[in-house]
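Just so we're aligned: 176 in full-length UniProt numbering is position 176 of the sequence shown, and the numbers increase by one with no gaps anywhere.
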Amino acid sequence: MHLTDTDWQPLPRPAGPPRPVVVARVADPEAARLNGDAIARRVARAGGPEVVRRTAATAEVRFWHHAPEATAVALSASGWWRPQAPDRCDLARVGATGWWTATFRVPADWQATYRFVEHRGATPPPWWKRGLRDPGAPTVADRHNPARHAAARGEDCAVVRVPGVARRPWLAAFATEGAPARELRTGAREPRVRWWAAECDEPLPLLVVLDGEAHTERLATHRVLAGAVATGQLPPLAAVFVDSGPRRPEVLGVPGGRARWIGERLVPRLRRDGLDGRRLTADPARTVVTGSSFGGLTALFTVARTPEVVGAALAQSTSLWRYPERALLAPLVAADRGHRLRLRLQSGRYEGALPELADDLAVRLRERGVDATATVVSGGHDWAWWVPHAIEGAAELLDG
């Protein structure tokens, strides 16, 4: 099925307001009894939020924030923008210590980017009416937590991952200085592309990553990939990071734009020329495109347009609301005929209707014989889980 821009003009459909979220704040009398020195020692030792209790299904995570001048403090965690009770994300003052704390019961796989919101004054905090996405009060990073990034609206944010780095040792590469991303020479009218590739004599599988500027400049995803290869989580591979540029809504999430360029220009060129002497596979099944949000749509459009070139898509938090319901079903089914696509859709538990939309698409694709799955991650619309789950998803697609 041929895809043209005129057939797929994005509709002026907003994503819609955030759904109210059930946030479970739990009583924590131990925290309330601590003095300021004990809290400071505890925070320094933990280096961020504390997991104080854990079961197979849930964990209780304690947050601390020092704001002696504040009259109210809240946790602004990705996806928890509109708690059902407007004060459910608020922290409690711990006596006269200047510290604030709250403990939340969360899913055992919860991962989130977060900041703290501070209010000063006698009036009720503005986020009780506005919600926590745009809280109407200053937000600050957790300065005690070394796990952080600046990919969320350019702000310095901390990251909490309940599973922790122990489960994913390759995430430690996040802070390393090795594995530089190198520049690929492209034309004046082409997007900027950077790349990283393992040293290997055999043709390498290829991972094409959308929103390249965020991944290379603010998330160090190329270094995380290098760590995943070094620890055996991923096979040796080549990764190219394709920038979105200033016109992101026009070039991502549409059937043309980056989707056309990747399948028709970029991947054929890489197979022809290689990357600094490294050869790349010609197998579409070992050529994976991944992106999040509008980038998730672009991943699906890429395989729909050129299944003979790119045969696997890992689409995260896919903005399926941008088009009529199930609009991508027929193009993907048509592309699968004779090419055997593999499609992996991932959504955050706190992303409103996105998990349901992704699951509906995957179910209907499977009914028509397409290898498609949809999984839900306990997070929001958030880089905190996009990077590790993209790597784990790529590992599954490239296994064997």
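Yeah, the Cβ is synthetic: ideal placement off N, Cα and C, and Gly gets one too. Since this is a predicted model, take the numbers as computed values, not measurements.
Taking its Cβ as the centre, do 16 or more other Cβ atoms sit within 10 Å of residue i, making it buried, or is it exposed?
{"i": "GLN84", "result": "exposed"}
{"i": "GLY212", "result": "buried"}
{"i": "GLY253", "result": "buried"}
{"i": "ARG269", "result": "exposed"}
{"i": "GLU351", "result": "buried"}
{"i": "ASP142", "result": "buried"}
{"i": "ASP134", "result": "exposed"}
{"i": "THR101", "result": "buried"}
{"i": "VAL363", "result": "exposed"}
{"i": "PRO246", "result": "exposed"}
{"i": "GLY380", "result": "buried"}
{"i": "ALA38", "result": "exposed"}
{"i": "GLY296", "result": "buried"}
{"i": "PRO169", "result": "exposed"}
{"i": "ASP382", "result": "buried"}
{"i": "residue 401", "result": "For residue 401 there is no data in the structure shown, the boundaries of the chain being 1 and 400."}
{"i": "HIS313", "result": "The residue asked about is misnamed: residue 313 is Ala in this sequence, not His. Counting Cβ neighbours within 10 Å, ALA313 comes out buried, since at least 16 surround it."}
{"i": "ALA137", "result": "buried"}
{"i": "ALA96", "result": "exposed"}
{"i": "ALA188", "result": "exposed"}
Quick test of your reading: residue i and residue j, contact by CB under 8 Å. State the CB separation rounded to the nearest angstrom.
{"i": "VAL162", "j": "GLN111", "result": "7 Å"}
{"i": "GLY47", "j": "PRO146", "result": "6 Å"}
{"i": "LEU361", "j": "LEU345", "result": "7 Å"}
{"i": "ALA282", "j": "ARG265", "result": "Not confirmed; about 16 Å, so no contact."}
{"i": "VAL43", "j": "HIS144", "result": "5 Å"}
{"i": "VAL387", "j": "LEU219", "result": "6 Å"}
Excluding sequence positions up to five away, which residues of its chain have a Cβ less than 8 Å from the Cβ of residue i?
{"i": "VAL310", "result": "VAL208, ILE262, GLY263, VAL267, PRO284, THR287, VAL288, VAL289, THR302 and VAL303"}
{"i": "ARG279", "result": "GLU202, PRO203 and LEU204"}
{"i": "GLU308", "result": "PRO284 and HIS339"}
{"i": "THR58", "result": "ARG105, VAL106, PRO107 and ALA108"}
{"i": "VAL23", "result": "TRP80, PRO83, GLN84, ALA85, ARG88, CYS89 and PHE104"}
{"i": "residue 476", "result": "The displayed coordinates of the chain run from 1 to 400. Any statement about residue 476 would go beyond what the structure contains."}
{"i": "VAL377", "result": "ASP109, GLN111, GLN346, SER347, GLY348, ARG349, TRP385 and HIS389"}
Which same chain residues end up closer than 6 Å to residue i when comparing Cβ atoms and leaving out the 5 residues on each side of it in sequence?
{"i": "GLY291", "result": "LEU210, THR298 and ALA299"}
{"i": "THR103", "result": "VAL26, ASP28, GLU60 and ARG62"}
{"i": "ASP336", "result": "VAL370"}
{"i": "ALA72", "result": "HIS119 and PRO125"}
{"i": "ILE391", "result": "ALA228"}
{"i": "ARG192", "result": "ASP243"}
{"i": "MET1", "result": "Since pLDDT at MET1 reaches only 48, below the 50 mark, its modelled position is unreliable, and no value is offered."}
{"i": "ARG53", "result": "GLU60"}
{"i": "THR113", "result": "SER78, ALA152, CYS157, VAL159, ASP382 and ALA384"}
Tell me, which residues are paired with residue i by DSSP?
{"i": "ALA158", "result": "TYR114 and ARG148"}
{"i": "PHE241", "result": "ARG194 and VAL209"}
{"i": "THR123", "result": "DSSP lists no partner for THR123."}
{"i": "GLN233", "result": "Answer by DSSP bridge pairing: none, since GLN233 is not bridged."}
{"i": "LEU314", "result": "THR290 and ARG344"}
{"i": "LEU280", "result": "LEU204"}
{"i": "GLU50", "result": "ARG62"}
{"i": "PRO83", "result": "VAL21"}
{"i": "VAL140", "result": "PHE116"}
{"i": "ASP90", "result": "ALA74"}
Could you pull the start and end residues of the alpha helix (DSSP H) that residue i belongs to?
{"i": "HIS66", "result": "That residue, HIS66, is in no alpha helix (DSSP H); its beta strand (DSSP E) goes 58–66."}
{"i": "LEU270", "result": "267–273"}
{"i": "LEU75", "result": "Premise fails: LEU75 lies in the beta strand (DSSP E), 72–77, not in any alpha helix (DSSP H)."}
{"i": "PRO29", "result": "29–33"}
{"i": "ALA398", "result": "Here the sequence assigns Leu to residue 398, which means Ala is not the residue at that position. It spans 383–398 - the alpha helix (DSSP H) in which LEU398 sits, taken as one unbroken run."}
{"i": "ASP359", "result": "354–367"}
{"i": "TRP170", "result": "Looking at the DSSP string, TRP170 is not in any alpha helix (DSSP H), and its letter there is neither H nor E."}
{"i": "ARG133", "result": "Neither: ARG133 is in no alpha helix (DSSP H) and is coded neither H nor E."}
{"i": "GLY257", "result": "257–261"}
Cutting at 7 Å between CB atoms, please list the residues of its own chain near residue i, excluding the five before and the five after it.
{"i": "ALA179", "result": "TRP196, HIS222, ARG223 and ALA226"}
{"i": "LEU132", "result": "ALA74, SER76, TRP80, TRP81, CYS89 and VAL117"}
{"i": "ASP87", "result": "TRP128"}
{"i": "GLY274", "result": "LEU280"}
{"i": "GLU183", "result": "ARG194"}
{"i": "ALA358", "result": "THR318, LEU320, LEU345, SER347 and ALA374"}
{"i": "ALA56", "result": "ALA108"}
{"i": "ARG260", "result": "ARG305"}
May I ask which residues mark the beginning and end of the beta strand (DSSP E) holding residue i?
{"i": "THR373", "result": "371–377"}
{"i": "PRO324", "result": "Per DSSP, PRO324 belongs to no beta strand (DSSP E) and is neither H nor E."}
{"i": "ALA102", "result": "99–107"}
{"i": "GLU183", "result": "182–184"}
{"i": "GLU199", "result": "Premise fails: GLU199 is in no beta strand (DSSP E) and is neither H nor E."}
{"i": "ARG248", "result": "Per DSSP, ARG248 belongs to no beta strand (DSSP E); it is in the alpha helix (DSSP H), 248–251."}
{"i": "ARG25", "result": "24–26"}
Does the CB of residue i have a neighbour CB from chain B at under 7 Å?
{"i": "VAL242", "result": "Note that chain B does not occur in the displayed structure, where there is just one protein chain."}
Comparing the CB of residue i with every heavy atom of the ligand FMN, is any distance shorter than 6 Å?
{"i": "ALA40", "result": "The ligand FMN is absent from the structure shown, which contains no ligands of any kind."}
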